[in-house]
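Chemist:
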Amino acid sequence: MADLLMVLPDRFYRALNRCREIIFVGIQSFKGTSRNDLMLKSIYDWSPEDVGYWFGELGPWAKGTFDKKIIEAGIDGSLLMKLTDADLQDFKMNISLHRRITLEAIKKLKKELQNQQTGLWEFKERRSGLAIFIMFGLREFPRSTLTYLYFFNYRDAFLPIFYCSVTLKSANISCTQMQHSPTFGNYLEFLPLMFSIPYYLVGRFASHYLYINYWASRVVILHAVLMTVTEISNMRLLLIHRSTNAIMQVKSDNRHPISVLNFKKNLCEILPAKQWLLENSLKAQGLSFYQILSPNAFSYVHSYIRSIDKEVKSVVHHQSMIQVEWFDGRIKNVHVDPAVLSNYLHQLSNTISIYKKQFSLMTKSSWQLFGNIFESNIIVIIDLSEEASYCLHFLLTSLKLLFEEQLLHKSSFKVICCNPKLDCFESYFVDENSINQCWNWLLSLSCGGMRKIFPALKCAFKSMTIDNSSLYLISLGQFYDNMDPLVSYIEEAMLISSFSINCVYLQPPDSIIVHDRFDDPLCISKKLKAINEAGNGKFHWSFKSDVVENEDLRLLASEMNKAGLYINKVRLLSSLYAF
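If you read the sequence shown in full-length UniProt numbering, its first letter stands for residue 1, the second for the next number, and so on.
1) Scan the region 196-242 and note each continuous beta strand (DSSP E) run of 3 residues or more that stays entirely inside, going in chain order.
2) For a quick check, are the C-beta atoms of residue 52 and residue 70 less than 7 Å apart?
3) Rounded to the nearest angstrom, what separates residue 62 and residue 46 at their Cα positions?
4) Residue 482 and residue 448 look like a contact to me (Cβ under 8 Å); what is the Cβ gap, rounded to whole Å?
5) Helix, strand or coil, according to DSSP, for residue 95 in the structure here?
6) Threshold first: 4 residues or longer. Then list the alpha helix (DSSP H) segments lying entirely within the region 424-483, N to C.
7) So which of 504, 535 and 498 has the shortest CA-CA distance to residue 488?
8) How many Å lie between residue 214 and residue 476 at the Cα?
9) Based on the DSSP output, what are the partners of residue 506 in its beta bridges?
10) Can you name, in chain order, every residue of its own chain whose Cβ lies under 7 Å from the Cβ of residue 165, other than the five neighbours on each side?
11) Any chance the region 437-447 sits against the region 352-367, with 3 or more Cβ pairs inside 8 Å?
12) Taking C-alpha atoms, which residue in 198, 219, 218 and 407 lies nearest to residue 230?
13) Starting from residue 412 and walking both ways along the beta strand (DSSP E), at which residues does that stretch end?
14) Between which two residues does the alpha helix (DSSP H) harbouring residue 403 extend?
15) Among the candidates 163, 454, 233 and 90, whose CA atom is the shortest distance from the CA of residue 196?
16) Applying the criterion that 16 or more other CB atoms from any shown protein chain within 10 Å of the CB defines a buried residue, is residue 363 buried or exposed?
17) Have a look at residue 573 and residue 281 and give me their C-alpha separation to the nearest angstrom.
18) May I ask you to report which of helix, strand or coil DSSP gives residue 321?
19) Which one of 54, 292 and 382 has the shortest CA to CA distance from residue 339?
20) Could you please give me the residues that DSSP links to residue 335 through a beta bridge?
21) Any idea if residue 211 is buried or exposed, counting beta-carbon neighbours within 10 angstroms, 16 or more meaning buried?
22) Looking at the structure shown, is residue 274 part of a helix, part of a strand, or coil, going by DSSP?
23) Inspect the CB distances between the region 404-416 and the region 424-438 and report whether three or more fall short of 8 Å.
24) Could you give the DSSP three-state label for residue 311: helix, strand or coil?
25) From 332, 89 and 381, pick the residue whose C-alpha is nearest to that of residue 470; which is it?
26) Under 7 Å between the Cβ atoms of residue 549 and residue 541?
27) Report the rounded CA-to-CA distance for residue 552 versus residue 528, giving the unit in angstroms.
28) Roughly how many angstroms lie between the CA atoms of residue 284 and residue 349, to the nearest whole one?
29) Is it buried or exposed for residue 145, if we count other Cβ within 10 angstroms and need 16 for buried?
30) According to DSSP, which residues form a beta bridge with residue 297?
31) Which residue wins for smallest C-alpha separation from residue 383, given the options 455, 376 and 321?
32) Where does residue 552 sit, in a helix, a strand or coil, going by DSSP?
33) Starting from residue 50 and walking both ways along the alpha helix (DSSP H), at which residues does that stretch end?
34) Considering just the uninterrupted stretch of the alpha helix (DSSP H) at residue 71, what are its terminal residues?
35) Select from 335, 92 and 545 the residue whose C-alpha is nearest the C-alpha of residue 295.
36) If you draw a straight line from the C-alpha of residue 129 to the C-alpha of residue 139, how long is it?
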């Protein structure tokens with residue numbers, strides 16, 4: 001109630017301000033439409049009656065005679081600008097002084113036409129009502145205002161805005177040229193801009209007057225830039241909400257691809273890199289560089305033999321031995337066997353091929369998005385907050401791969417959703433039917449609430465009673481929990497439990513990131529790392545089609561780099577031996 005009382009005065013003031021502007025525009029417009037004040041109208045819009053009235057104001061000699069002839073001849077504003085001395089004689093204006101006065105008055109009109117729109121303030125002084133209407137309309141409703149000006153104020157307001165905002169060389173266009181109707185090509189350039197980014201046209205129009213109204217034009221241009229950015233952001237929000245609504249409608253459609261899980265039964269479970277390397281590392285296979293050289297490696301010997309009462313020292317046969325620095329810093333003399341080195345190079349090449357194959361297995365499909373979920377009993381916490389609704393399609397598409405590829409080999413699983421209701425789904429017998437039930441249940445949920453993981457962690461810790469169980473936290477962005485109490489709570493829980501807490505950061509693509517504030521991916525990853533370090537787990541970060549950070553991939557890459565380093569050392573030995 002208090003919030004409502006705070007909001008109402010502001011809305012009432014804004015509504016009152018709008019009403020005041022509309023009433024003022026109406027009063028000014030009514031004052032500005034006096035028939036006698038011809039200068040409030042564009043000269044090209046003068047009717048024959050207006051031209052006749054203007055002739056009558058030249059003096060008593062013209063009133064009642066020439067003004068009636070002008071009206072009868074149908075001379076409007078456009079024809080008035082083209083009258084010459086010979087034309088005036090056709091109207092039986094025989095006195096040369098009268099003709100000279102008339103031509104001087106027409107010349108003065110032409111000069112006023114050139115100067116009537118030299119600046120924004122001059123236009124406001126001439127047509128205050130129209131100027132305020134255009135200002136208010138272009139600020140609030142630019143598309144509707146431009147359409148109104150096209151139909152009801154074509155020459156006086158629409159054409160100057162049109163030529164100044166579309167034509168690149170608008171500074172060289174005279175006011176007379178602005179009265180000509182645009183070509184089809186001009187309209188083809190103007191209309192897309194008018195309906196897509198109308199504030200860009202407003203900024204272009206204001207830039208035409210920078211050399212006259214410097215600061216006022218700059219303020220208008222800045223406002224146009226801000227409004228353009230705001231409209232683009234709102235359009236992105238609209239498109240994202242439309243895609244979110246489309247996903248919501250698809251949830252009830254069993255024929256849609258996202259609603260149907262296609263299990264990949266031929267996939268075998270992938271071991272974690274640390275466990276896999278126990279049997280397949282270079283050291284485990286006896287393919288370490290120093291393991292290969294050690295049978296033919298001899299240290300330098302210099303010692304005293306008491307039985308023969310002599311000092312002896314080893315002799316290096318330089319033609320068959322090479323000095324090599326060992327891993328502990330000592331220098332050893334190594335006998336180089338080309339056949340052994342050639343066989344060793346072949347084995348290293350095969351091992352690197354195996355590493356690359358394992359690396360590709362761990363960077364495809366769901367393993368690229370979530371890492372290797374190898375535990376038998378898992379709990380998955382999924383972010384379904386209000387902010388996640390902007391990335392709902394991305395989230396569901398990613399989770400679909402996880403359900404299809406990595407859940408089928410589990411003994412049990414539980415899914416907890418971070419939303420206001422803290423919905424849960426649990427299954428102690430995993431088969432295709434139970435996974436389908438969980439997926440349909442997940443599609444029936446809706447996003448809402450703030451992104452807080454503390455309640456979901458409390459709910460998960462109550463279920464962590466089974467051995468070989470692990471918790472996976474899947475987050476899409478910044479969460480709002482206080483880190484110190486959260487980390488302390490996890491550390492206390494880990495003292496009496498043997499499970500691990502793993503964090504998965506699914507960074508949405510740039511095209512669908514829409515937040516009220518900037519979420520720094522490095523800051524998010526730092527918080528998630530603090531959680532998985534407190535929970536003795538691992539951290540996985542994926543973005544688009546790349547894995548930014550993963551412990552398993554780091555171990556595999558380190559082993560591949562080690563194999564590449566050994567290949568370079570063997571090639572160096574071979575070249576030294578040949579030399």
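Beta carbons are placed, not taken as given, at the ideal position from N, Cα and C, and that holds for glycine.
Modeler: Reading off the structure:
1) none
2) yes
3) 18 Å
4) Residue 482 to residue 448, Cβ: 21 Å. No contact.
5) coil
6) 432-443 and 454-461
7) 535
8) 46 Å
9) 542
10) 201, 204 and 205
11) no
12) 198
13) 412-418
14) 392-405
15) 233
16) buried
17) 23 Å
18) strand
19) 292
20) 321
21) exposed
22) helix
23) yes
24) strand
25) 381
26) yes
27) 17 Å
28) 16 Å
29) buried
30) 334
31) 455
32) helix
33) 48-56
34) 66-73
35) 335
36) 16 Å
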